[in-house]
Amino acid sequence: MKKVMAWSQEFLSELLDTFEYKIFHLNSSAPVKVSDIASKRFLFYSLEKGITLQSYVLAKEFTQYEGLAAWEVQNSSNILVQNDEDGGSLYFYVNENSQEYKWITARLKDFSLDEVPFSIK
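2 is the number of the first residue of the sequence shown in this note's numbering; add one for each residue after it.
Next up, the structure:
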């Protein structure tokens, strides 16, 4: 578990540095720390605590979204990061063939990647 969190923190830090992004909640202009995403509560399911379904936006500057439907319509060049209810997957929603998409797929070429369309959960 600690190795996954450390790897996630390193990967996200490199992604943020490469594209000069910050992490935001959908509706809060206060930047979020990388450690909030690379955390037990975001990445892993716990029988005691469950998992908190969360969405984060990686962007150069904050844009307020009223929800996931608004992000789907309004996003232009940012990344939406989501977890799932069983802690088995981490989703990066990004515009296909963008520089961010190419960077992510190149960095994760040794992993199992499933390309899935965005849907509001």
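Using N, Cα and C, we set each Cβ at its ideal position, and we do this for glycine too.
Note that the structure is a prediction, hence the values are computed from the model and not measured.
Between the region 89-106 and the region 63-71, do at least 3 Cβ pairs fall closer than 8 angstroms? Not touching, per the Cβ criterion.
State buried or exposed for Val82, treating a residue as buried only when at least 16 other CB atoms are found within 10 Å of its CB. A residue is called buried once 16 or more other Cβ atoms fall within 10 Å of its Cβ, and Val82 is buried on that count.
Based on the DSSP secondary-structure assignment, which residues constitute the bridge partners of Ala60? Ala60 pairs with Lys23.
Euclidean distance between Cα positions of Ser90 and Lys34: Approximately 20 angstroms between the Cα atoms of the pair.
Going by DSSP in three states, Ile80 sits in which element: helix, strand or coil? Correct three-state label for Ile80: strand.
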